[in-house]
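Structure, as structure tokens:
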Amino acid sequence: AQSVAQPEDQVNVAEGNPLTVKCTYSVSGNPYLFWYVQYPNRGLQFLLKYITGDNLVKGSYGFEAEFNKSQTSFHLKKPSALVSDSALYFCAVRDSGRGSTLGRLYFGRGTQLTVWP
Amino acid sequence: DAMVIQNPRYQVTQFGKPVTLSCSQTLNHNVMYWYQQKSSQAPKLLFHYYDKDFNNEADTPDNFQSRRPNTSFCFLDIRSPGLGDAAMYLCATSRDRDGPEQFFGPGTRLTVL
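Chains as they are written, first to last, in the working numbering: chain A, 1 to 117; chain B, 118 to 230.
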């Protein structure tokens with residue numbers, strides 16, 4: 001079964017400092033991993049994905065994530081946080097099984113990022 | 118720009134009064150999903166359409182129904198909304214089941230009085 005864990009409900013960081021939002025996963029088969037961001041009263045916006053290839057994935061708004069197979073992690077990072085990065089971040093893993101479950105996303109519970117000015 | 122559109126953005130209904138939420142897409146994607154998201158929680162998949170093939174999640178209440186009359190449109194019908202159905206409803210699409218990513222609409226915030 002596929003699952004995702006985001007161990008931190010909240011992450012607080014000062015503007016200009018690096019930020020990390022943690023995610024670990026459990027999958028059968030090859031992992032397809034995603035990060036989404038959600039601003040208040042908005043839908044989810046796609047940030048980046050790992051399918052195959054380089055372990056360091058670059059995405060939108062200066063975010064990147066590092067896939068670590070041995071630690072089954074896919075942490076989201078940004079070298080210098082902005083106040084406007086404050087939002088709810090979801091890590092997700094895609095079901096790679098057969099039949100109707102193929103393509104389903106399994107979300108973590110979300111991490112609220114707050115960047116202080 | 119190709120996109121996923123949800124109407125209305127905010128919907129208020131009364132307890133027990135049927136309501137329909139709308140989703141349309143210009144991406145020409147085969148798969149459309151409906152999620153329910155309660156405050157600061159992860160989205161919960163209700164059902165999805167793979168083309169015209171409807172796939173219901175096992176724990177989705179019978180009170181929730183869906184229609185997909187064509188590739189572009191998908192509707193979520195709540196037959197008798199209860200107070201517990203107040204939530205954000207998100208529509209998403211993917212090119213195919215192995216998409217790989219899903220594209221989300223802005224959501225409809227449902228309030229039940």
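Ideal placement from N, C-alpha and C gives every residue a C-beta, glycine not left out.
- Residue contact check for K78/A against chain B: no CB pair falls below 8 Å.
- Contact check between the stretch 120-134 of chain B and the stretch 45-65 of chain A: fewer than three CB pairs, one atom from each, fall below 8 Å, which does not count as touching.
- Around the beta carbon of R184/B, fewer than 16 other beta carbons lie within 10 angstroms, which makes this residue exposed.
- One finds S157, Q158, A159 in chain B with Cβ atoms closer than 9 Å to the Cβ of G110/A, taken in chain order.
- One alpha carbon belongs to Y152/B, the other to L33/A, and they sit about 19 Å apart.
- The distance from the Cβ of K78/A to that of P18/A is about 7 Å, consistent with a contact at the 8 Å cut-off.
- The beta-bridge partner set that DSSP reports for H75/A consists of E66/A.
- Distances from the alpha-carbon of T52/A to those of Q38/A, N41/A, N68/A, L76/A put N68/A closest.
- Check the Cα spacing between L138/B and each of S211/B, T210/B, S189/B, Q128/B: the tightest is with Q128/B.
- Residue environment analysis places F132/B among the exposed positions, since fewer than 16 neighbouring C-beta atoms fall within 10 angstroms of its C-beta.
- By the Cβ test, the stretch 82-94 of chain A is in contact with the stretch 36-43 of chain A, since at least three Cβ pairs between them sit closer than 8 Å.
- Within a 10 Å sphere around the beta-carbon of D85/A sit 16 or more other beta-carbons, which makes this residue buried.
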